[in-house]
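Residue numbers (the working numbering): 8 to 120.
Using N, Cα and C, we set each Cβ at its ideal position, and we do this for glycine too.
A short write-up of the structure that comes next.
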Ligand SMILES: [Zn+2]
């Protein structure tokens with residue numbers, strides 16, 4: 008399962024950061040997930056709870072902030088949000104679109120005790 012690997016990654020990063028701070032417990036993890044990552048928040052939370060059990064992050068709340076797909080038009084230089092995978096510039100109709108956002112997956116921050 009794709010989410011299980013992601014959950015393990017998030018956990019490793021969060022636990023390493025918490026240990027650096029000398030924390031005894033992680034209470035909340037804020038994650039940024041681009042829409043193009045195709046992450047199912049419910050699935051990811053489920054997997055996270057499994058891998059986080061018996062670690063510093065056991066019982067931590069996983070907050071997933073989904074960011075939209077953003078595009079840049081190479082013809083008219085417009086920046087816009089891409090919806091429904093329509094890679095067409097809403098301003099000039101060009102298809103010379105560069106995806107500038109929506110592929111990220113990163114830990115924003117963690118809250119510790
Ligand atoms: Zn354009």
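(message) With H, G and I counted as helix, E and B as strand and the rest as coil, what does DSSP make of residue 106?
(response) strand
(request) May I ask which residues mark the beginning and end of the beta strand (DSSP E) holding residue 76? (result) 76 to 80
(request) Say yes only if the C-beta of residue 84 is nearer than 8 Å to one or more non-hydrogen atoms of ligand 1, and no if none qualify. (result) yes
(message) Below 8 Å, is the gap between the Cβ of residue 101 and the nearest heavy atom of ligand 3?
(response) Within the structure as shown, ligand 3 is missing, the only ligands being ligand 1.
(message) Assuming contact is defined by CB atoms lying nearer than 9 Å, are residue 41 and residue 112 in contact in what I supplied?
(response) yes
(request) Kindly examine ligand 1 and report whether one of its heavy atoms sits closer than 8 Å to the Cβ of residue 54. (result) no
(request) Closer than 8 Å by C-beta to residue 89: which residues in its own chain qualify, once you throw out the five before and the five after it? Chain order, please. (result) 75, 76, 77, 78, 104, 106 and 109
(message) Pop quiz: residue 18 and residue 55 are said to be a contact at Cβ under 8 Å. What is the actual Cβ separation, rounded to whole angstroms?
(response) 7 Å
(request) Give the secondary structure of residue 35 by DSSP, where H, G and I count as helix, E and B as strand, and everything else as coil. (result) strand
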